Ligand SMILES: C[S@@+](CC[C@H](N)C(=O)[O-])C[C@H]1O[C@@H](n2cnc3c(N)ncnc32)[C@H](O)[C@@H]1O
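Numbering (our numbering), first residue to last: 6 to 236.
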């Protein structure tokens, strides 16, 4: 798992260009996947949602658009330059004024036990330096019956692995360098994506962290997966 100082450095370096790079690398599909997560969260009729590893805030904004104004939305990230982007975007969106963006480490959340109904993480879990600790911290802040929704890269179906890893290793870093000027940051991404567990293993890790149920929904040939883990 990556070191926290390295992760902060990577995201600090690309923060101003992160959204543009995301759209280009995922061909805009990231927006639809976040929307799916938001719909799963909305079905639970939550009164408080934590968007962990919120980064530039896109998941928090998508939650705000769908959830009723009575639902509190808190975005936490440990990388201040990414939070600055989120706060700048929030300042331009009148309907997002009540989202709170705060600096914090997923390994040690400054939130009481059982204080939120749902936790979302978009492409954050892969960057945690201790996934077991992060998952148990999420479980701690969730109310009983509350759920974690994790949107993350996964391991693709076997038949698509060769073209996918070719794209990831040889095409994506070039696109990323053109958009962000930082090829090295996206080489980091390739490393973390290759090392990340597939759906079954991640669901098992969630259950081992104390979640009562965990299931995964593969998306786009299982290149991406949405995991739901219920406390
Ligand atoms: C790929 S970005 C995802 C941003 C956003 N969730 C999205 O959907 O686009 C990953 C984010 O995870 C954050 N992160 C990684 N480890 C963290 C930790 N231990 N605590 C808080 N944030 C963390 C990074 O700072 C970065 O902003």
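We put the CB at the ideal spot given by N, CA and C, even for glycine.
It should be emphasised that the depicted structure is a prediction, and the values quoted were computed from it without experimental measurement.
- The C-alpha of residue 229 is placed about 4 Å away from the C-alpha of residue 158.
- A distance below 8 Å between beta-carbons, with the five flanking residues on each side excluded, links residue 72 to the following residues of its chain, in chain order: 43, 46, 47, 51, 54, 78.
- In this structure, residue 127 places its C-beta atom within 7 Å of the C-beta atom of residue 39.
- Bounds of any alpha helix (DSSP H) do not take in residue 50, whose DSSP letter is neither H nor E.
- If you look at residue 235, you'll find it in the beta strand (DSSP E) that goes 229-235.
- In summary, residue 68 is buried, with 16 or more beta-carbon neighbours lying within 10 Å of its beta-carbon over all protein chains present.
- By the beta-carbon neighbour count (other beta carbons within 10 angstroms, threshold 16), residue 227 is buried.
- The Cβ atoms of residue 13 and residue 151 do not sit closer than 7 Å to each other.
- CA-to-CA, the gap between residue 156 and residue 169 works out to about 18 Å.
- In the displayed model, residue 215 falls within coil according to three-state DSSP, outside both helix and strand.
- DSSP, reduced to helix, strand and coil, places residue 168 within a helical segment of the structure shown.
- By the criterion of a C-beta distance shorter than 6 Å, residue 187 is surrounded in its chain by 18, 19, once the five residues flanking it on both sides are discounted.
- The beta-carbon separation of residue 174 and residue 146, rounded to 37 Å, does not stay under the 8 Å limit for a contact.
- Taken in chain order, the unbroken stretches of beta strand (DSSP E) that lie wholly in the segment 84-113 and span 3 residues or more are 105-108.
- CA-to-CA, the gap between residue 197 and residue 218 works out to about 25 Å.
- For residue 122, there is no enclosing alpha helix (DSSP H); the enclosing beta strand (DSSP E) covers residues 121-127.
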